[in-house]
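Asker: Supplied in structure tokens, the structure appears directly below.
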Amino acid sequence: MDITTLKSKKSLIWWTVIFTIFILLIFLPFYTQGYAVVLLISILVYVILTLSWVMFSGSTGYMSLAPAAFFGVGIYTSALIGKVFPFPITVLVGGMASFILAILVGALTLRLKGIYFAIFTFGLVMLIAYSLLFFEIQVTGTRGRFVIVMDYNTIYFYMLGIFMLLLLTTYLIKNSKYGLALRSIGQEEDAAAHTGVNVVGVKVMTFAISAFFMGAVGSVMATKLTYIDPFIAFSTTYSFMPVAMAIFGGTGSLYGPIIGAAILTYLEEILITKFAEVYMLIFGAILVAAILYLPDGLVGFIQKIWRRLMERNHVDT
Amino acid sequence: MSILEGKGVTKYFGGLAAVSNVDFSVEKGEAFGLIGPNGAGKTTLFNLISAAYPVKSGIIRFKDKDITGLKPYKICRMGVARTFQIVKIFPDLPVFSNVLLGLHFGHSSGMSSAEKASLALEYLDFVGLTQVKMAPAKDLTLANQKRLEVARALATGPELLLLDEIMAGLNPTEVSQAMELVNRIREKGITIIMIEHVMKAIMNICQRIMVLHHGEKIAEGSPREIANSEKVIKVYLGEKAHATC
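Protein chains in written order, with my numbering: chain A, 1 to 317; chain B, 318 to 562.
Quick look at the structure:
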């Protein structure tokens, strides 16, 4: 069997698996009740945030700690206009608000490299949260807002829709010439620029696309929170968790971040309910162990073992 | 007809004049050598031409168009490609993808992806890297990494190619292979500016040579004129024996 038929057979299997999973996910709310859907919503939120983070930071190597900023902008957009517009429009506006913010911030800061970029993006989260707080106290004289409420199934379907769109976008970028440009920027940015890549343009655009999905998922998440204030919406957890989940799962593949986010979210749920007092301690220890012993993430680790097994088989036969 | 022209090109690093008021003119189709002691400003001049740094004052014209102040990717797309003194390949990308990037972004022509892929293979064949096309670029030897940089630069379809010490660190066999490669690039009608410390190569390949010292141009002329210039011998070549080659 030559390599192309082998490849197409492999990708056919993959597509079948993905398709089956999506069918199962779509029909899931109709045969389970309550908790399963709530858990899946939590998982989907983090999967979307992590996958969006990997889209930009995974390939370019620019460590963004801005997810909470874009997520929060989505949440606040939903709180502000959710009662006025039909919900799909709200989600779109939430995404676009984050998209525009990312273009502004990106154009200003993507000249920064390494730790400076990370610190700035983290500062952005703080800046927006405290500015909003100042505005609410000084100008409007309120603290926080109530958001329109939706039932869990509707929230779930919105999240699933965003996830599918994100997966498709990531796949298309990865396999296009822009995916190649992103990887070249991550490996040797100067050389990329002198080979004709508009490095600032590619970086800002990808940063903004990833922000769009973070904002969109934020505006859906708002309806689950029901009440928000600046520190709920711009919680730094939403900046750090996607990074931790991406590293845990492995940034090298498309499914690494998804698996990482799913496992860690589930773990968090279990730890919170069973060991509420020490959950952060255990969670932290697991993360440290993952970073120390799984340098290429969980998926990288599994691939390594798989390869070793395959080699042994070859030797035996 | 001059393809690249510089007037009063100047660049300071702090108080140090790295390149100071340098005029130059490179003719279309020629091989133009750039020599001088370490720290003379040769690579800085390349960085100014390719816009890695902004110039402090002066003008650089490519094909009679002012290119000072343009972004590096624009200059690349106009037809000026370069290699780097310390190789800057994309280490984890396959050799083939390194070259493909140049075809995707260095060109504005509307080629199909199949055409680009076959052209990438052609360039790899041209520099002699067909055997290792799927290997990660970091696994290549230094000589091959330098060849890869040349292939990537050629893939952007340049009219002017800046070669920054592509022979440094190579053994004698590899040096003569590299010389042969440069000659084949010239036969394609591509103008070359090369920085090199290997005098044998510079003297054999280039029609004209410019000598920089402390950021200033101290001499310009044919290889014979440069080899016999008292000033150049004093600051750079060092002894008469070198100059006879």
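Using N, Cα and C, we set each Cβ at its ideal position, and we do this for glycine too.
State yes or no: is the C-beta of B:Q328 within less than 7 Å of the C-beta of B:T361?
Answerer: Reading off the sequence shown, one finds Lys at residue 328 of chain B, where the question assumed Gln. The answer is yes: Cβ separation under 7 Å.
Asker: Fully enclosed by the region 84–140 of chain A, which alpha helix (DSSP H) runs are 4 residues long or longer?
Answerer: Entirely contained in the region 84–140 of chain A, the alpha helix (DSSP H) runs reaching 4 residues are, in chain order, 87–109, 114–135.
Asker: Closer than 7 Å, CB to CB, is A:V197 near chain B or not?
Answerer: By this cut-off, A:V197 is an interface position.
Asker: Going by Cα to Cα distance, which pick from A:T50, A:M150, A:F56, A:K304 is closest to A:F207?
Answerer: Of A:T50, A:M150, A:F56, A:K304, the residue nearest in Cα terms is A:F56.
Asker: Check this for me: beta carbons of B:R469 and B:V416, under 7 Å apart or not?
Answerer: In contact: B:R469 and B:V416 (Cβ atoms closer than 7 Å).
Asker: Could one say the Cβ of A:L294 lies closer than 7 Å to chain B's Cβ atoms, at least one of them?
Answerer: Not one chain B Cβ lies under 7 Å of A:L294.
Asker: Is there contact here, the region 190–199 of chain A with the region 210–229 of chain A, by at least three beta-carbon pairs under 8 Å?
Answerer: Touching, no.
Asker: By how many angstroms is the C-alpha of A:M280 removed from the C-alpha of A:I286?
Answerer: Approximately 10 Å between the Cα atoms of the pair.
Asker: Which residue marks the beginning of the alpha helix (DSSP H) containing B:L480, and which one marks its end?
Answerer: Not the alpha helix (DSSP H): B:L480 falls in the beta strand (DSSP E), residues 477–481.
Asker: Rounded to a whole number of angstroms, what is the C-alpha to C-alpha distance between A:F135 and A:K203?
Answerer: C-alpha separation (whole angstroms): 32 Å.
Asker: Can you give me the Cβ contacts of B:S367 inside the same chain, cut-off strictly under 7 Å, excluding the 5 residues immediately before and after it?
Answerer: Excluding residues within five positions, the ones whose Cβ falls inside 7 Å are P389, I392, V397, R399, L479.
Asker: Here's the rule I'm using: 16 or more other beta-carbon atoms within 10 Å means buried, otherwise exposed. How should B:D481 be labelled?
Answerer: Answer is buried; the Cβ neighbour count reaches 16.
Asker: Going along the chain, which residues of the region 155–186 of chain A sit with their C-beta nearer than 7 Å to a C-beta in chain B?
Answerer: For the region 155–186 of chain A, which is checked against every Cβ of chain B, the residues closer than 7 Å are K177, L180, A181, R183, S184.
Asker: Check whether the Cβ atoms of B:E344 and B:S319 sit closer than 7 Å, and answer yes or no.
Answerer: It is a contact, given that the beta carbons lie within the stated cut-off.
Asker: Out of B:K505, B:G358, B:L465, B:K324, which has the shortest C-alpha to C-alpha gap to B:G419?
Answerer: Checked all of B:K505, B:G358, B:L465, B:K324; the closest Cα to B:G419 is B:L465.
Asker: Starting from the C-beta of A:R183, find all residues in its chain whose C-beta is less than 6 Å away, skip the five residues before and the five after it, and write them out in chain order.
Answerer: Excluding residues within five positions, the ones whose Cβ falls inside 6 Å are S59.
Asker: With 7 Å as the threshold, decide whether the Cβ of B:P389 is near any Cβ in chain A.
Answerer: Interface residue, yes.
Asker: Given that B:D456 touches chain A, what residues does it touch there, using C-beta distances under 8 Å?
Answerer: Here the premise fails: no neighbours, minimum Cβ distance about 14 Å.
Asker: Specify, as a first and last residue, the run of the alpha helix (DSSP H) that A:E189 falls within.
Answerer: Looking at the DSSP string, the run of the alpha helix (DSSP H) that includes A:E189 is 189–193.
Asker: What in chain A is Cβ-close to B:R464, meaning under 8 Å?
Answerer: Residues of chain A passing the Cβ test: none, with the nearest at roughly 15 Å.
Asker: Quick one: is A:A246 near chain B, going by C-beta distance under 7 Å?
Answerer: No, because no Cβ of chain B sits closer than 7 Å to the Cβ of A:A246.
Asker: What first and last residue would you give for the alpha helix (DSSP H) that runs through A:Y158?
Answerer: Where A:Y158 is concerned, the enclosing alpha helix (DSSP H) stretches over 152–174.
Asker: I'd like to know whether the C-beta of B:D409 is nearer than 7 Å to at least one C-beta of chain A.
Answerer: Yes, contact with chain A.
Asker: Does the CB of A:L271 have a neighbour CB from chain B at under 7 Å?
Answerer: No, because no Cβ of chain B sits closer than 7 Å to the Cβ of A:L271.
Asker: Just grab the DSSP bridge partners of B:S342 for me.
Answerer: Answer is B:E322.
Asker: Would you mind working out which of B:G353, B:Y440, B:V372, B:T385 sits nearest B:I502, comparing C-alpha positions?
Answerer: B:I502 has its Cα closest to that of B:Y440, out of B:G353, B:Y440, B:V372, B:T385.
Asker: Considering only the alpha carbon of each residue, which of A:V139, A:P88, A:M63, A:M159 lies closest to A:L110?
Answerer: When only C-alpha atoms are compared, the closest one is A:M63.
Asker: Which residue comes first and which comes last in the alpha helix (DSSP H) that contains B:H283?
Answerer: A query on residue 283 of chain B cannot be resolved here, the shown segment of chain B reaching from 318 to 562 and no further.
Asker: Thinking just about the alpha-carbon of each residue, which of B:V326, B:D456, B:M520 is nearest to the one in B:L545?
Answerer: Leu is not the amino acid found at residue 545 of chain B; the sequence shown has Asn there. Cα-wise, what sits closest to B:N545 is B:M520.
Asker: Would you report the Cα separation of A:T237 and A:F163, rounded to the nearest angstrom?
Answerer: Distance between the alpha carbons of A:T237 and A:F163: 20 Å.
Asker: Look up B:A558 in the DSSP assignment and say whether it is helix, strand or coil.
Answerer: Model confidence at B:A558 stands at a pLDDT of 47, short of 50, so the residue's coordinates are unreliable and nothing is read from them.
Asker: Would you give the residue range spanned by the beta strand (DSSP E) that B:I510 belongs to?
Answerer: 508–512 is the span of the beta strand (DSSP E), which, as asked, contains B:I510.
Asker: State yes or no: is the beta carbon of A:E189 nearer than 7 Å to at least one beta carbon in chain B?
Answerer: Not closer than 7 Å to any Cβ of chain B, the Cβ of A:E189 fails to qualify, so no.
Asker: Return the CA-CA distance between A:V45 and A:T16, expressed in angstroms with no decimal places.
Answerer: Rounded to the nearest angstrom, the two C-alpha atoms are 24 Å apart.
Asker: Hey, does A:E193 have any beta-carbon neighbour from chain B nearer than 7 Å?
Answerer: The sequence shown places Ala at residue 193 of chain A, rather than the Glu named in the question. Answer yes: the Cβ-Cβ gap between A:A193 and chain B drops below 7 Å somewhere.
Asker: Count the other C-beta atoms from every protein chain shown that fall within 10 angstroms of the C-beta of A:S8, then say buried if there are 16 or more, exposed otherwise.
Answerer: Per the 10 Å Cβ criterion, exposed.
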